[in-house]
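Engineer: One structure, pasted below without further comment.
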Amino acid sequence: MSTLLKIQFTLPEIENAECQVYLSGKVAHGWEEKPLDDDSIFYTMHLEDHSLGTEIIDEIKKRWPEAGCIHEEIEEENWGLAWKEFFVPIVCGDMFEILPPWLMDTKTEGLMHIVIEPKMAFGTGNHPTTALCLELISKLFREGKLDPKMSFFDLGTGSAILAIALAKLGLKGTGVDIDPQSIICALENMENNGVESDITLAVGSADCIDQNLKYDLVVANILSGPLIELSPAVIARLKENSILILSGILNEQAESVAKAYITKGLPAPEIFIDGEWAALLWKNTGATDN
Numbered sequence: 001m002s003t004l005l006k007i008q009f010t011l012p013e014i015e016n017a018e019c020q021v022y023l024s025g026k027v028a029h030g031w032e033e034k035p036l037d038d039d040s041i042f043y044t045m046h047l048e049d050h051s052l053g054t055e056i057i058d059e060i061k062k063r064w065p066e067a068g069c070i071h072e073e074i075e076e077e078n079w080g081l082a083w084k085e086f087f088v089p090i091v092c093g094d095m096f097e098i099l100p101p102w103l104m105d106t107k108t109e110g111l112m113h114i115v116i117e118p119k120m121a122f123g124t125g126n127h128p129t130t131a132l133c134l135e136l137i138s139k140l141f142r143e144g145k146l147d148p149k150m151s152f153f154d155l156g157t158g159s160a161i162l163a164i165a166l167a168k169l170g171l172k173g174t175g176v177d178i179d180p181q182s183i184i185c186a187l188e189n190m191e192n193n194g195v196e197s198d199i200t201l202a203v204g205s206a207d208c209i210d211q212n213l214k215y216d217l218v219v220a221n222i223l224s225g226p227l228i229e230l231s232p233a234v235i236a237r238l239k240e241n242s243i244l245i246l247s248g249i250l251n252e253q254a255e256s257v258a259k260a261y262i263t264k265g266l267p268a269p270e271i272f273i274d275g276e277w278a279a280l281l282w283k284n285t286g287a288t289d290n
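Reading the sequence shown from the start, the letters are residues 1 to 290 in the UniProt record's numbering.
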């Protein structure tokens, strides 16, 4: 039976932002963060790729020698059990509740439920960038900016949590991710939510599908570097006067990401903050101002 590499370490809370940036670039499917009483954070992650895990262990020990990084191999069948130990329902944007299949009997009435099987793909609602995107989607829906006639493009779909939220609001669209494992997890989550006929998936980046396809809403929850690098390809997916949501951005990076899109013809975005993280929103990419 195959095994997973379980990696754990502890850092002071002040190091959390830097650590999140590092891990986001290495561990696409996410990790667990458990706050401790001494203002530190205990990190846990599970990787199928043992060579990548060894690389991460070495880099953590080099970057943060005080982190006390430890690791062990565990049976892959215990992966779900490891998640069950800490996964709880998450409410985002006063509209969506994200929960795993085994907690469906605890769902909150009056909310739209997104069932996510916590596996090897980023996006369970725990991370502030995912929550920010869902909050903005809720905001746009309540403002009447979203309707079932609209199409969406989800760049870096991960678990497909954002695509599923949009599909549950009646929209149809496409999700892409450079990680094939994410696409497998995304398909399972789509089926669990009954929206598999509303979302098309593809492995790749912003340019991996028909270049002529444009969308009413584009959402990309990745990292600031790729968002800047891919800005021409992202903008190419926008219909005239469409909506754009970008996240996966640290506060201090928000202005540089916004500038990359402004210099290519978009107006200045609204900036929304959640702790150390930011999201950019263009309600009308053809507007002359906000």
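Note that the Cβ used here is the ideal one computed from N, Cα and C, for glycine as well.
#1: Residue 3 and residue 41 - do their beta-carbons sit closer together than 8 Å?
#2: Need the endpoints of the alpha helix (DSSP H) that residue 192 sits in, please.
#3: Determine, using beta carbons only, whether residue 93 and residue 155 come nearer to each other than 8 Å.
#4: Have a look at residue 68 and residue 13 and give me their C-alpha separation to the nearest angstrom.
#5: Per the contact definition of three or more C-beta pairs closer than 8 Å, is the stretch 269 to 283 in contact with the stretch 246 to 254?
#6: Going by C-alpha distance, which of 236, 274, 226, 254 is nearest residue 285?
#7: Which residues in the same chain have their Cβ closer than 8 Å to the Cβ of residue 223, if we skip the five residues on either side of it in sequence?
#8: Can you list, in chain order, the residues of its chain whose CB lies under 7 Å from that of residue 188, leaving out five sequence neighbours each side?
#9: Buried or exposed: which applies to residue 256, given that a residue is buried once 16 or more other Cβ atoms fall within 10 Å of its Cβ?
#10: Which residues does DSSP pair with residue 43 in a beta bridge?
#11: Beta-carbon separation of residue 197 and residue 176 under 8 Å?
#12: So, at 6 Å on beta carbons, what are the nonlocal neighbours of residue 216 in its own chain, with the 5 sequence-adjacent residues on each side left out?
#13: For residue 103, I'd like the list of residues in its chain whose CB is within less than 7 Å of its CB, leaving aside the five on either flank, ordered along the chain.
#14: Report the option in 35, 210, 97, 259 whose CA atom is closest to the CA atom of residue 227.
#15: Take the Cβ of residue 148 as the centre, count every other Cβ of all protein chains shown within 10 Å, and call the residue buried at 16 or more, exposed below.
#16: Ordered along the chain, which non-local residues of its own chain (more than five positions away) have a Cβ less than 6 Å from that of residue 170?
#17: For residue 173, which residues of its own chain have a beta-carbon under 7 Å away from its beta-carbon, when the five flanking residues on both sides are left out?
#18: If you draw a straight line from the alpha carbon of residue 6 to that of residue 266, how long is it in whole angstroms?
Structural biologist: Inspection of the coordinates gives the following:
#1: As a first step, residue 41 is located in the sequence shown; it is residue number 41 there, counting from the start. As a first step, residue 3 is located in the sequence shown; it is residue number 3 there, counting from the start. No, Cβ-Cβ distance for residue 41 and residue 3 is not below 8 Å.
#2: On the sequence shown, residue 192 is found 192 positions in, with the first residue counted as 1. Per DSSP, residue 192 belongs to the alpha helix (DSSP H) from 180 to 192.
#3: By 1-based counting over the sequence shown, the position of residue 93 is 93. By 1-based counting over the sequence shown, the position of residue 155 is 155. No, Cβ-Cβ distance for residue 93 and residue 155 is not below 8 Å.
#4: Here the question's residue 68 lines up with position 68 in the sequence shown. Here the question's residue 13 lines up with position 13 in the sequence shown. Straight-line Cα distance between these residues: approximately 15 Å.
#5: The count of Cβ pairs closer than 8 Å, one atom from the stretch 246 to 254 and one from the stretch 269 to 283, reaches three, so the stretches are in contact.
#6: Translated into positions along the sequence shown, residue 285 becomes position 285. Cα-wise, what sits closest to residue 285 is 236.
#7: Residue 223 sits at position 223 when you count from the first residue of the sequence shown. Taken in chain order, the residues that qualify are 21, 24, 25, 248, 249.
#8: Counted from its first residue, the sequence shown places residue 188 at position 188. So the list reads 117, once near-sequence residues are dropped.
#9: Locating residue 256 in the sequence shown gives position 256, counting from the first residue. Exposure of residue 256 is indicated by the presence of fewer than 16 other C-beta atoms within 10 angstroms of its C-beta.
#10: Numbered from its first residue, the sequence shown carries residue 43 at position 43. Residue pairing from DSSP places residue 43 in a beta bridge opposite 9, 33.
#11: The count along the sequence shown starts at 1 and reaches residue 197 at position 197. The count along the sequence shown starts at 1 and reaches residue 176 at position 176. Going by C-beta atoms, residue 197 is not nearer than 8 Å to residue 176.
#12: Sequence index remark: in the sequence shown, residue 216 carries index 216 (1-based). Within the same chain, 150, 151, 239, 242 come within 6 Å of residue 216 by CB-CB distance, once the 5 residues on both sides are set aside.
#13: Locating residue 103 in the sequence shown gives position 103, counting from the first residue. 89.
#14: As a first step, residue 227 is located in the sequence shown; it is residue number 227 there, counting from the start. Minimum Cα-Cα distance from residue 227 among the listed residues 35, 210, 97, 259 corresponds to 259.
#15: Within the sequence shown, residue 148 is the residue found at index 148, counting from 1. Counting every other CB atom within 10 Å of its CB across the protein chains shown gives residue 148 a total below 16, marking it as exposed.
#16: Taking the sequence shown and counting its residues from 1, one reaches residue 170 at position 170. Excluding sequence neighbours, residue 170 sits near 148.
#17: Position 173 of the sequence shown holds residue 173. Only 151, 152, 153, 154, 163, 166, 199, 215 meet the Cβ criterion.
#18: For the purposes of this step, residue 6 is taken as residue 6 along the sequence shown, with counting starting at 1. For the purposes of this step, residue 266 is taken as residue 266 along the sequence shown, with counting starting at 1. Roughly 43 Å between the two C-alpha positions.
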